[in-house]
Amino acid sequence: MTSRTANMAFAFTDEQAMILDSAKSFCADKSDIGTVRSLIASDNGYNQQVWSEMVELGWTGIAIPEQYGGSELGIGSTVALIESMGRHLLSTPYIATTLASQAIMRGGSDQHKTHWLPQVAEGSIGTLALLDNEDWGAITTSCNLSESGDKLILEGSKLLVSDAAVADFFIVSANHNGAQVLVLVAASSLSPDALSRKVLIDETKRACTVNFSGVEVTPNDILPQSETALRDIKLIGALLIAAESTGTCAATLDTVVSYLTSRIQFGRLIGSYQALKHPTVDILIQMDSARSLIYHAATVISVQPLDQDAEIACRMAKAQATEALLFAGDRAIQFHGGMGFTYDCDAQLFLRRALGSQHQYGDAQHHRLHLAGLLLD
Amino acid sequence: MTSRTANMAFAFTDEQAMILDSAKSFCADKSDIGTVRSLIASDNGYNQQVWSEMVELGWTGIAIPEQYGGSELGIGSTVALIESMGRHLLSTPYIATTLASQAIMRGGSDQHKTHWLPQVAEGSIGTLALLDNEDWGAITTSCNLSESGDKLILEGSKLLVSDAAVADFFIVSANHNGAQVLVLVAASSLSPDALSRKVLIDETKRACTVNFSGVEVTPNDILPQSETALRDIKLIGALLIAAESTGTCAATLDTVVSYLTSRIQFGRLIGSYQALKHPTVDILIQMDSARSLIYHAATVISVQPLDQDAEIACRMAKAQATEALLFAGDRAIQFHGGMGFTYDCDAQLFLRRALGSQHQYGDAQHHRLHLAGLLLD
Amino acid sequence: MATDKDLQEFRAEVADWIKHNQPADPGFLLPQTFMEVGSEQVLDFLREWQHKVWSAGYLGMAWPEKYGGRGLSPSYQNIADEEMKLARVPICFNVIGLGWAGPLILDKGTDYEREKYLKGILSAEDIWCQGFSEPNHGSDLGSIQTRAERDGDHYLVNGSKIWTTMGNYAKYMILLARTDSQAERKYNGLSFFLAPMHVDGISTQPIKKLTGEYGFTETFFTDARIPADCIMGEEGQGWRIAMQTLQYERGAEAGAAGGISILSIVMNDLLKMAAEIEREGQPLLKDPLTRDNLVKFLIEEKALHLAEKRIQTPALCADYPNSLSLSGKLRSTEFYRRMRQYALNLQGAQSALYVGDKDAVDGGFWQRAYMNNFSTTIGGGTSQVQANIVGEHVLGLPKD
Amino acid sequence: MATDKDLQEFRAEVADWIKHNQPADPGFLLPQTFMEVGSEQVLDFLREWQHKVWSAGYLGMAWPEKYGGRGLSPSYQNIADEEMKLARVPICFNVIGLGWAGPLILDKGTDYEREKYLKGILSAEDIWCQGFSEPNHGSDLGSIQTRAERDGDHYLVNGSKIWTTMGNYAKYMILLARTDSQAERKYNGLSFFLAPMHVDGISTQPIKKLTGEYGFTETFFTDARIPADCIMGEEGQGWRIAMQTLQYERGAEAGAAGGISILSIVMNDLLKMAAEIEREGQPLLKDPLTRDNLVKFLIEEKALHLAEKRIQTPALCADYPNSLSLSGKLRSTEFYRRMRQYALNLQGAQSALYVGDKDAVDGGFWQRAYMNNFSTTIGGGTSQVQANIVGEHVLGLPKD
């Protein structure tokens, strides 16, 4: 906290600035609000063509080492990109895939990396399957891997698996020989009725319950560095959701400001009322804090196992971004008055995103609990 | 919480209404703000003449049974009275004495009652000496009573003993034979240097650290029903401080409203700005809640050992009143602008009262902790 | 006067009736408030239920017998309402009729109007809706633009209304329209109508709510011919009558007609929900932060309940006699907003699920409840407007 | 250019100097900010300390050598400031001189003015005060009533100023007064003076603060004769120069003159305080609610620190380029208000004690700090005015 360490607050390279600019215009172009709404009715929640263009732009390879076909700019560089996606509610399997590939990079064998990372860079879709019940804070899992000859059989289901319906592979947490491991499961090995699509409050997203029971894997499918990888992908997951939420918070703020500067009530632009003006300033301030924290986390995160500074930064970012967006979404409905109560008003999209994201990879209270252990003891 | 039990929300007799009216005008008459400020410089913090008139009016006997010279209107009836005192920052040993006499009524022997209660009704001053360190939540004490022949010797000091300098007797908590008891100590048995006056943030109040070491008592000075009495006087203490705080909160609100309706800035009465108007409404709402809760507690409290409803009511009252006054006091300074920053502005009196009262008989968090046990388990 | 014993017996009677008559789960989503009646199926179900409650004698208990009521003390209706709330029976959904139009007609209407309208309100034969708000004018009723021009024995109405609950199902509307656009004070040009909805020139357009449900319409008037005798009072008295009507709102809930039972979630429901949930590998109810938050809400809920009772003891409200009544909407609607939002947080990851998902906690009840709650912090004067009202009319602070 | 190594060596040098020169506890209460210099005793102590810091070369490091500075890069001053803050040395108290008048004179003054005033500011020989605010006009500088009328080679000044920090000790005042009461726009009638305080017709009246301390005065002008050459710039430019002056405020803290070290309490101090305290019979730092609250503050503090750095990377501030700078005062002063208030809660029963009590936690440091903090949420534009500024100038929301 003192000036002695504050020097590494932010690093922002020209390369990153370029990515950010390109992300901003791409997301704005491809994801106007009409497009977002029309994709709600679609099966997979995203436009395949847009996804192909993102792959084309190299975004799926940003965090992947050059030797595996990526551009090796680091996971931190995806933060600005994901923030832009959040800002335009551009939902694709990008976050899920990035996290799945991080799991392989951080926990996988050379063989895993060689096989999967180039595919990801070229557009294959992966996702994490970690959650057993409503509790992101649980440290155990009810999924098991049991021996059957030289095979292993998975037993159990995972909840809220993002973009499961389009995933080519899954990273699944399960118990094996008394430890929790991550195991790679190809979509092709799932049974036909393994997926059941969930009805999400955030209609721009997709997730399934995935039943892995009976899926056969081999010991080679277990990531050798599962323990570190599991810990790190949860933290990185928190950061990426924080980045996306911060983008959505900015969109929420824009929408509120635009209404407050155009709507007249009792003969005055409603933004002139301090009862609306000052809470809108609070949204700005909360968003600014979230943004400082996500960019700082993006700076201190690395390809190595995350150190304590990175853990603190990721947890702070999620704790702040989650609460900022929920506050903004709630106020956005309220400040739009009757309009805010309609499905046609974009405020509901933001509020639903807030509600859908608040617990993903742990809610604010969860992260503060762990921060307390890191900062107070 | 259902309608089935809500019938006993409030009882308010004509007698109580009369007391309330008389209290209102008495406190307003005797304790204008100039008087309050002039008493800050005095040794004991109150006017002996005013105290005598209060005794004359029978206030010190309100909660005392008729057989001991009181009017037996119950401790609940003191709530409205104390609220009025809080409203006019009329500080006398009334709360301390009421609590000390409650300890005797609830825990004392017939002999204790016969000896002390009539004296209290006639103006004798008592006070509680319960606190060993900064923690009102502590359930142990470091004060001890040890045998010495047929006498008992007290060992230890008590913190923040209200109105100790004028007290005729003390109710002291101490360990005796493995249990915590309350013991009656006459002021006359203290050593000459037993009292050291504390510098309080609330300059309208007086308290001392009292060193009881070496004080001789007899087994007869121990209250036979100490356990119940100790539990109950802490709860009643919480309620009375809540009542006083609620009165002060009302005074704070009055002061804020009066400034907001007279001060002009940028060409407008400042109360027309929603940034001041709406938080002032919050003060009102918080005060109203506190007031509902204190009057409800006053209704359900009885001369019997307090039941669970009474405990819940007292704790809720203190939790709410404490936070309401601190919020009000803090905002009062802020909303008075530069004036609020001066000693001459009454806002500081209210804020200091808030700071002085927040922990007395347990702060909001303390009471919520115990409420959780009562309401959630 | 009903004795305590009478009322106690009556309470047992109602509870017993409910036990034997509570309808089975219809297999489709029932509305949480009267503002989510979005299909004929739901409408028919609720109409049948309200009719049943009324037939059993538990609706309109304090209304005169000749208008379908029972002429009893309001205490009876209060008790019936309480028991129905506790048992979570479906709502008596004809709320604008029961709570606004009915009390108004009882209070200020002519005998003809009472005869014509009241029984249909209770029996649910005649659904009522409300036409005050207009597009682009939100809380500011003074700006009403819908015109009603006298044309022989009719008024020709032109304009549009918004947030018309059940506009597409209603037979009558309490309508506020401008009969004099030259009036010196804009409030003086308004008139109040008990207007039929089934006439030419009135059309409705359902509005989809943020929850994805329906229940409101926008209502369009194009040379709609409303009989002149549908005016209530006289031309130019509309504003006064409308203000009068808004006053019944609280009364309605407190049992003037009874059984309206708008969405009532109390802390007990939340505690029940929380009992099953885990957090950090432990039961949620063992988590110290959750406990502290729950107790904060319990204290606030207790204070809200107590306020209702304290209003009845004026000596305890001497400081600001109108404080508790004028702040009531603000206090309770904002409490529920925060409490329902918090309920979602308590659900953990499952809070991301929604109505229609089989794993959603209580079928998505809380998700809907939180989002629908905005109708109460926005409709009938936003919380921000309410705060102004309290500041100005209770504390005497200057207007903006 | 100073290399990292240079700066690192310099940091060690300063730390070492502080270790050997940090004054002993004087036995009386030292001020937390320059706004609590309430006695000659305190004044003399601080004057001596600032002189010592300056003599050692650690004040005014970035000011030109000929005016008493060292002509070095501001990085040096930043480091010296940081080390002094960390070591909790007394403040360099001549803040209006160091932070406002000095930078202004350096930037916009004449050579004569620089020669005359700057060294005395650094050496603490000449104390400066500020005369902008007036009684009854609070945040609204446009309403300034104090008049300065030209009378030969003097101005005759009449009126009064309030919140003059060290008005009773200052040798000079930066004074804003009205030279033209007919000006079309009220801001155009103001002029800016570097006014001597030790002239006939100026008297001061100390103001007691809510903490019980002194430090401010009200300042009265009765035909006070201020030499005409004390005007800065020209008649009518006062408003522009005053606005310019207010801009230095942040710069000053960031090291323009250096060593000002206004009250700085960081979360570490609070954690240190909390380590000794018990709650519910347990160490406070084991209490889950306290832990959660402390972490909330730590996150907020981190975000505040990061904001200072993010301002320096414009690409990360593209949305609202002036957001972090314009909201800085609001964010930090309100953070400290809440944090300091919470610090009192953490103290438990001992929070009721005050400065002067031997048992008060840290001598009542936190009590004073919380109450004194209101000078920052009120002075220089209240938090409410700041929120308006951010809303209007960052978000483009309409004026009230």
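Protein chains in written order, with this note's numbering: chain G, 202 to 578; chain U, 202 to 578; chain B, 12 to 411; chain H, 12 to 411.
Note that the Cβ used here is the ideal one computed from N, Cα and C, for glycine as well.
Just so we're clear, the structure is a prediction, and the values are computed from it rather than from any experiment.
- [ ] Indicate whether at least one CB of chain G lies closer than 8 Å to the CB of U:A573.
- [x] In the second sequence, counting from the first residue as 1, residue 573 of chain U sits at position 372. So no, U:A573 is outside the interface.
TODO: Taking H:T228 as part of the beta strand (DSSP E), name the residues at either end of that continuous run.
DONE: Translated into positions along the fourth sequence, residue 228 of chain H becomes position 217. Where H:T228 is concerned, the enclosing beta strand (DSSP E) stretches over 227–238.
- [ ] In the DSSP assignment, find the unbroken beta strand (DSSP E) run with U:T429 in it and report its ends.
- [x] By 1-based counting over the second sequence, the position of residue 429 of chain U is 228. Per DSSP, U:T429 belongs to no beta strand (DSSP E); it is in the alpha helix (DSSP H), 427–461.
Open item on the list: Quick check: is the beta carbon of U:K335 nearer than 8 Å to any beta carbon in chain H?
Closed with: One-based indexing of the second sequence puts residue 335 of chain U at position 134. Checking the sequence shown, residue 335 of chain U turns out to be Glu, not Lys. Answer yes: the Cβ-Cβ gap between U:E335 and chain H drops below 8 Å somewhere.
Task: Under the three-state DSSP convention, the category G:G262 falls into - done: What you label residue 262 of chain G is simply residue 61 of the first sequence in a count that begins at 1. If DSSP states are grouped into helix, strand and coil, G:G262 belongs with the helices.
TODO: Return the CA-CA distance between U:L240 and B:L357, expressed in angstroms with no decimal places.
DONE: Along the second sequence, one-based indexing puts residue 240 of chain U at 39. Along the third sequence, one-based indexing puts residue 357 of chain B at 346. Distance between the alpha carbons of U:L240 and B:L357: 51 Å.
Open item on the list: Using a Cβ distance threshold of 8 Å, determine whether the segment 121–132 of chain B contacts the segment 144–155 of chain B, with at least three qualifying pairs required.
Closed with: no
Open item on the list: The beta strand (DSSP E) that contains H:W139, what's its start and end?
Closed with: To locate residue 139 of chain H, count along the fourth sequence from 1; it is residue 128. Here the beta strand (DSSP E) through H:W139 covers 139–142.
Task: Contacts that U:Q475 makes with chain G (C-beta to C-beta distance below 7 Å) - done: Here residue 475 of chain U refers to the residue found at position 274 of the second sequence. Chain G residues near U:Q475: Y474, Q475, A476.
TODO: Look at B:G142 and B:R158 and say whether their C-beta atoms are less than 8 Å apart.
DONE: Position 131 of the third sequence, counting from 1, holds the residue named residue 142 of chain B. Position 147 of the third sequence, counting from 1, holds the residue named residue 158 of chain B. Taking 8 Å as the Cβ cut-off, B:G142 and B:R158 do not qualify as a contacting pair.
- [ ] Taking H:A5 as part of the alpha helix (DSSP H), name the residues at either end of that continuous run.
- [x] What the structure shows of chain H is the stretch from 12 to 411, and residue 5 of chain H is not part of that stretch, so it cannot be assessed.
Open item on the list: Here's the rule: buried if 16 or more other CB atoms are within 10 angstroms of the residue's CB, otherwise exposed. What is B:F227?
Closed with: By one-based count along the third sequence, residue 227 of chain B stands at place 216. So B:F227 ends up on the buried side.
Open item on the list: With DSSP as the reference, identify every bridge partner of H:A243, one or two as the case may be.
Closed with: By one-based count along the fourth sequence, residue 243 of chain H stands at place 232. With the sequence shown as reference, residue 243 of chain H is identified as Met, and Ala is not the correct amino acid for it. For H:M243, which the question treats as bridged, DSSP gives the partners H:F203.
TODO: Check whether the Cβ atoms of U:A197 and U:A491 sit closer than 8 Å, and answer yes or no.
DONE: Absent from the structure is residue 197 of chain U, since the part of chain U shown begins at 202 and ends at 578.
Task: Nonlocal neighbours in the same chain, by C-beta distance under 6 Å from B:C241, ignoring five residues either side - done: On the third sequence, position 230 is the one that residue 241 of chain B refers to. Once the five neighbours on either side are set aside, the close Cβ partners of B:C241 are F204, L205, A206.
Open item on the list: I need the boundaries of the beta strand (DSSP E) containing G:F371, first residue and last residue.
Closed with: Position 170 of the first sequence, counted from the start, is the residue given in the question as residue 371 of chain G. 370–377 is the extent of the beta strand (DSSP E) around G:F371.
Task: Separation of U:T456 from U:G472, as counted between CA atoms - done: Start at 1 with the first residue of the second sequence, and residue 472 of chain U comes out as number 271. Start at 1 with the first residue of the second sequence, and residue 456 of chain U comes out as number 255. So the two alpha carbons sit approximately 12 Å from each other.
TODO: Count the other CB atoms, across all protein chains shown, that sit within 10 Å of the CB of U:F371; report buried if there are 16 or more and exposed otherwise.
DONE: Mapped onto the second sequence, residue 371 of chain U falls at position 170. Its Cβ being crowded by 16 or more others within 10 Å, U:F371 is buried.
Open item on the list: If the cut-off is 8 Å on Cβ atoms, which residues from the segment 318–348 of chain U count as contacting chain H, listed in chain order?
Closed with: L332, N334, E335, D336, W337, G338, A339, I340, T341
Open item on the list: I'd like the list of long-range same chain contacts for G:A207, defined as Cβ closer than 7 Å, with 5 residues on each side in sequence excluded.
Closed with: Here residue 207 of chain G corresponds to residue number 6 of the first sequence, with the count starting at 1. Model confidence at G:A207 stands at a pLDDT of 39, short of 50, so the residue's coordinates are unreliable; what they give is reported in the following sentence. Excluding residues within five positions, none has a Cβ falling inside 7 Å.
Task: Proximal residues of chain B, C-beta to C-beta of U:I263 below 8 Å - done: What you label residue 263 of chain U is simply residue 62 of the second sequence in a count that begins at 1. Ordered by position in chain B, no residue passes the 8 Å Cβ test against U:I263, which lies about 17 Å from the chain.
- [ ] For the alpha helix (DSSP H) containing H:S86, list its first residue and its last residue.
- [x] Reading the fourth sequence from its first residue, position 75 is the one you call residue 86 of chain H. Run containing H:S86: 85–98, per the alpha helix (DSSP H) assignment.
TODO: Answer yes or no: do G:K519 and G:A439 have a C-beta to C-beta separation smaller than 8 Å?
DONE: Reading the first sequence from its first residue, position 318 is the one you call residue 519 of chain G. Reading the first sequence from its first residue, position 238 is the one you call residue 439 of chain G. Yes, Cβ-Cβ distance for G:K519 and G:A439 is below 8 Å.
- [ ] Helix, strand or coil for H:E403, going by three-state DSSP, please let me know.
- [x] Walking along the fourth sequence from the start, residue 403 of chain H turns up at place 392. The answer is helix: DSSP assigns H:E403 an H, G or I state.
Open item on the list: Does the CB of U:S490 have a neighbour CB from chain B at under 8 Å?
Closed with: One-based indexing of the second sequence puts residue 490 of chain U at position 289. Interface residue, yes.
Task: Local Cβ density within 10 Å of H:F104, reported as buried at 16 or more and exposed below that - done: On the fourth sequence, residue 104 of chain H is found 93 positions in, with the first residue counted as 1. Counting Cβ neighbours within 10 Å, H:F104 comes out buried, since at least 16 surround it.
Open item on the list: Closer than 7 Å between beta carbons: that is the criterion. Which residues of the segment 277–308 of chain B meet it against chain H?
Closed with: P299, L300, D303
Task: Beta-carbon spacing of G:I265, G:S302 below 8 Å - done: Position 64 of the first sequence, counted from the start, is the residue given in the question as residue 265 of chain G. Position 101 of the first sequence, counted from the start, is the residue given in the question as residue 302 of chain G. Going by C-beta atoms, G:I265 is nearer than 8 Å to G:S302.
Open item on the list: If I follow the unbroken beta strand (DSSP E) through B:T175, where does it start and stop?
Closed with: Working through the third sequence from its first residue, we reach residue 175 of chain B at position 164. Its beta strand (DSSP E) spans residues 165–176.
- [ ] Express the C-alpha separation of U:D394 and U:G415 in angstroms, rounding to a whole number.
- [x] The count along the second sequence starts at 1 and reaches residue 415 of chain U at position 214. The count along the second sequence starts at 1 and reaches residue 394 of chain U at position 193. Taking the straight line joining both Cα atoms gives about 12 Å.
Open item on the list: Please classify H:S394 as buried or exposed, where buried requires at least 16 other C-beta atoms within 10 Å of its C-beta.
Closed with: On the fourth sequence, residue 394 of chain H is found 383 positions in, with the first residue counted as 1. That one is buried.
- [ ] Confirm, please, whether the CB-CB distance from U:L331 to U:K359 is below 8 Å.
- [x] Against the second sequence, residue 359 of chain U aligns to sequence position 158. Against the second sequence, residue 331 of chain U aligns to sequence position 130. Yes, the pair counts as a contact, with Cβ atoms nearer than the cut-off.
TODO: Go ahead and pull the three-state DSSP assignment for G:L329.
DONE: Taking the first sequence and counting its residues from 1, one reaches residue 329 of chain G at position 128. It is a strand residue.
Task: Residue environment, B:A267, which counts as buried when at least 16 other CB atoms sit within 10 Å - done: Working through the third sequence from its first residue, we reach residue 267 of chain B at position 256. Low confidence applies to B:A267: its pLDDT is 42, below 50, so where it sits in the model is not reliable, and the reading given next is rough at best. Classified as buried, B:A267 has 16 or more neighbouring CB atoms from the shown chains inside 10 Å of its CB.
Open item on the list: For a minimum of 4 consecutive residues, which ranges assigned as the alpha helix (DSSP H) are wholly contained in the segment 215–286 of chain U?
Closed with: Secondary structure within the segment 215–286 of chain U: the alpha helix (DSSP H) runs of 4 or more consecutive residues, fully enclosed, are 215–231, 234–241, 249–257 (chain order).
- [ ] Establish whether the CB of U:I402 and some CB of chain H are separated by less than 8 Å.
- [x] Here residue 402 of chain U is taken as the residue at index 201 of the second sequence, counted from 1. At least one chain H Cβ lies under 8 Å of U:I402.
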